[in-house]
Amino acid sequence: MQRIPDIRIWRTANEYQESSVILLEAGKGWSASILAALAIEIYLKSFLSTEVKIELDEDIYQSFKKTKRGHSLTELFYRIPKKYQDELVSGYEKTVCERTLIQRLERYNNLFFDARYIHEQNPTVYVDNLIVRLAEDIRNVVANISTQ
3 MQRIPDIRIW RTANEYQESS VILLEAGKGW SASILAALAI EIYLKSFLST
53 EVKIELDEDI YQSFKKTKRG HSLTELFYRI PKKYQDELVS GYEKTVCERT
103 LIQRLERYNN LFFDARYIHE QNPTVYVDNL IVRLAEDIRN VVANISTQ
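Residue numbers (the working numbering): 3 to 150.
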């Protein structure tokens, strides 16, 4: 039986979340925000993965994780089974944030996609670094769900 959330995917998200903190501390807020958005996307995808096994030879398999496609944080959230949506929402309510998880996801919904190429036509022109804190909070909420 597959564990939800998937710990391997959670660990991948941690790499981006930790990097976003380092970048923010170095004064690179734009890049920090984009990595934080990517981390949040991957944390949500940790609830949506499936394991794929490929037979390489007789009785020799390679396995990997496949996640849902897309960058919209709200769409990913609503694809998560309701039980885990509820756990994410209630876990986030325990943080010291004045907004709900859904409000935060809506605020940063497509930030990773819209802000990553600032040289393109009609890019996002403003990001705030609160998303770095949000990524850390979601990391902790997902970790708590994983240990239940």
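We put the beta carbon where it would ideally sit given N, CA and C, even for glycine.
Secondary structure note for Thr76: its alpha helix (DSSP H) is the uninterrupted segment Leu75 to Arg81. When only Cα atoms are considered, Glu89 and Arg81 end up about 14 Å apart. Rounded to the nearest whole angstrom, the CA to CA distance from Ile133 to Asn112 is 12 Å.
A straight-line Cα-Cα distance of about 25 Å links Ile6 and Val98.
In this structure Tyr110 touches Ala39 by the C-beta definition: roughly 6 Å separates them, less than 8 Å.
Per DSSP, Tyr110 lies in no alpha helix (DSSP H) and is assigned neither H nor E.
Annotated three-state conformation of Val129 is coil, per DSSP. For Ser35, the enclosing alpha helix (DSSP H) begins and ends at Gly31 to Lys47.
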